[in-house]
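Reviewing the structure listed below.
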Amino acid sequence: MARASALLIVLAGLLAGLGLPGSPWGSALAQGYGPPPGAYAPYDAPPAPRGRAAGPVDPDAATRMLSARGFSNISVIRRRGATIILEANGPRGERVQVVVDGASGAISGMKVIGFGDKRY
């Protein structure tokens, strides 16, 4: 019985400590911080919200969107219907071919084709 009550006191203290500023978890959670972003955060970011009158995304807007996400050395390869195919250096320096949905502005596909200015 004494073990159960001691365990209950320890558990209650741990749970109470989650909200205290001095606890290892409480201060981060209380400030609204979550876990650090994943390795693919620049690629998984949702497209920027656009107004209803914005219309489809053109290659220049796709280039600006990729640049805002950390891509560099961006070039438009071709446009196929509503899809825009671009090549760029990713935020980590890898050379990628990016497929952008022209209707929503979201990255719908990507493949690594090299590193820096070198292609595989």
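Residue numbers (the working numbering): 8 to 127.
For every residue, glycine included, the Cβ atom is placed at its ideal position computed from N, Cα and C.
Can you give me the start and stop residues for the alpha helix (DSSP H) that residue i sits inside?
{"i": "ASP67", "result": "66 to 75"}
Taking buried to mean at least 16 other C-beta atoms within 10 Å of its own C-beta, is residue i buried or exposed?
{"i": "ALA75", "result": "exposed"}
{"i": "GLY109", "result": "buried"}
{"i": "ALA89", "result": "exposed"}
{"i": "ILE114", "result": "buried"}
{"i": "VAL119", "result": "exposed"}
Just to check my reading of the structure: residue i and residue j have Cβ atoms closer than 8 Å, yes? What is that Cβ distance to the nearest angstrom?
{"i": "THR70", "j": "ILE84", "result": "About 12 Å; that fails the 8 Å criterion."}
{"i": "SER79", "j": "ALA95", "result": "7 Å"}
{"i": "GLY116", "j": "VAL106", "result": "4 Å"}
{"i": "ARG86", "j": "PRO66", "result": "6 Å"}
Just to confirm the assignment, what range does the beta strand (DSSP E) spanning residue i have?
{"i": "ARG86", "result": "79 to 87"}
{"i": "ALA110", "result": "Where ALA110 is concerned, there is no enclosing beta strand (DSSP E), given that its DSSP letter is neither H nor E."}
Spatial neighbours of residue i within its chain, please: CB distance less than 7 Å, with the 5 preceding and 5 following residues excluded, ordered by chain position.
{"i": "GLY97", "result": "PHE78 and VAL103"}
{"i": "TYR127", "result": "ILE120 and GLY121"}
{"i": "ILE92", "result": "ILE84, ARG85, GLN104 and VAL106"}
Can you list, in chain order, the residues of its chain whose CB lies under 6 Å from that of residue i, leaving out five sequence neighbours each side?
{"i": "VAL64", "result": "GLY109 and GLY112"}
{"i": "LEU73", "result": "ILE81 and ALA95"}
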